[in-house]
Amino acid sequence: MNILLFGPNGSGKGTQGAILQKKFNIQHVESGVIFRENISRETELGRKAKEYIDRGELVPDGITTPMILNRLQQPDCAKGWLLDGFPRNVNQAKQLDEALTKAGLGLDYVVEIVLDRQTAKNRITGRRLCVNDNNHPNNIFIEGIKPAQKDGKSICRVCEGELKTRSDDQDEVAIGKRHEIYYNKGNGTLAAVDYFKEKAKKGAARFKVIELDGRPGVQEVSRELLTKLGV
Ligand code: AMP
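According to the numbering used here, the stretch in the sequence shown is residues 290 to 520, in order.
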């Protein structure tokens with residue numbers, strides 16, 4: 290099972306991605322994670338990518354695309370993969386499409402979590418991390434997972450632990466830059482999504498496109514996702 294997963298930062302893409310990975314026992318390939326690993330190992334690739342990442346810009350396609358194509362052809366991806374964070378523009382979408390065809394690697398699903406920009410931004414800035422467990426979801430803007438209150442203080446709704454914010458979740462400029470790229474329908478990530486949708490519409494593809502409304506809670510979204518996947 291090979292899946293492309295799209296969704297803006299704050300759409301719950303990471304959470305749904307983890308559910309898919311487990312369900313199908315496939316490799317979760319995240320471009321951002323590969324870059325960060327290379328940066329911490331101080332590889333040549335990491336050195337080249339770092340300056341762009343630090344500025345919140347896309348790493349050039351000439352570096353990113355070969356890195357991803359190489360990753361997808363590693364033995365641990367043979368059983369299937371979930372690609373997350375790539376492609377992020379039309380050129381990358383075309384390069385991926387061509388490379389998959391050439392390598393005889395099929396794409397089964399393109400999943401898009403649809404969420405408007407303001408809601409996505411609220412989700413990011415509203416996220417609160419439980420110091421006891423990262424997997425205790427708390428968000429001051431999401432009904433159903435709002436933190437509990439005790440003595441006038443917000444605490445984890447699951448374990449009553451202390452809550453913290455991630456500094457990059459509060460950086461409006463950084464959030465804005467990433468969303469600028471995602472929501473750009475001309476040449477950004479939404480244009481890459483359209484590239485695959487158009488292909489599917491023309492009947493020129495064997496993959497299916499699944500659109501998900503990202504507004505409901507985690508469980509509702511994953512239920513809809515799994516239903517649409519037929520599992
Ligand atoms: P992420 O963790 O997905 O937000 O990615 C972190 C950073 O890695 C991004 O802000 C970009 O600088 C870089 N990056 C990740 N994926 C890509 C991509 N597909 N194309 C270019 N740069 C990327």
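Virtual Cβ for every residue (Gly too), placed ideally from N, Cα, C. This one's a predicted model, so the numbers in the text were calculated from it and none came from an experiment.
Please classify residue i: is it buried, with 16 or more other beta-carbons within 10 angstroms of its beta-carbon, or exposed?
i: residue 373; result: buried
i: residue 423; result: exposed
i: residue 428; result: buried
i: residue 455; result: exposed
i: residue 353; result: buried
i: residue 481; result: buried
i: residue 378; result: buried
i: residue 376; result: buried
i: residue 306; result: buried
i: residue 330; result: exposed
i: residue 495; result: exposed
i: residue 322; result: exposed
i: residue 520; result: exposed
i: residue 291; result: buried
Which partner residues of residue i appear in the DSSP bridge assignment?
i: residue 502; result: 403
i: residue 373; result: 294 and 319
i: residue 310; result: DSSP, once it has assigned bridges, lists no residue as partnering residue 310.
i: residue 551; result: Absent from the model: residue 551. The displayed extent of the chain is 290 to 520, so no value can be given.
i: residue 444; result: 437
Hey, residue i and residue j are a contact pair by Cβ (cut 8 Å); roughly how many whole angstroms apart?
i: residue 451; j: residue 420; result: 5 Å
i: residue 416; j: residue 483; result: Their Cβ separation, rounded to whole angstroms, is 29 Å, which puts residue 416 and residue 483 out of contact at 8 Å.
i: residue 409; j: residue 300; result: 6 Å
i: residue 426; j: residue 507; result: 7 Å
Distance, Cα to Cα, residue i vs residue j?
i: residue 444; j: residue 437; result: 5 Å
i: residue 470; j: residue 461; result: 14 Å
i: residue 302; j: residue 317; result: 12 Å
i: residue 388; j: residue 382; result: 10 Å
i: residue 432; j: residue 418; result: 16 Å
i: residue 405; j: residue 478; result: 14 Å
i: residue 414; j: residue 498; result: 29 Å
i: residue 515; j: residue 308; result: 9 Å
i: residue 446; j: residue 326; result: 32 Å
> Do the stretch 291-302 and the stretch 500-517 make contact, defined as three or more Cβ pairs closer than 8 Å?
Replying inline: Contact check between the stretch 291-302 and the stretch 500-517: three or more CB pairs, one atom from each, fall below 8 Å, which counts as touching.
>> Does the contact criterion of 3 or more C-beta pairs under 8 Å hold for the stretch 358-369 versus the stretch 331-346?
In response: no
>> If contact is defined by three or more beta carbon pairs under 8 Å, each pair taking one atom from either stretch, is the stretch 354-362 in contact with the stretch 383-401?
In response: At 8 Å Cβ cutoff, the stretches touch.
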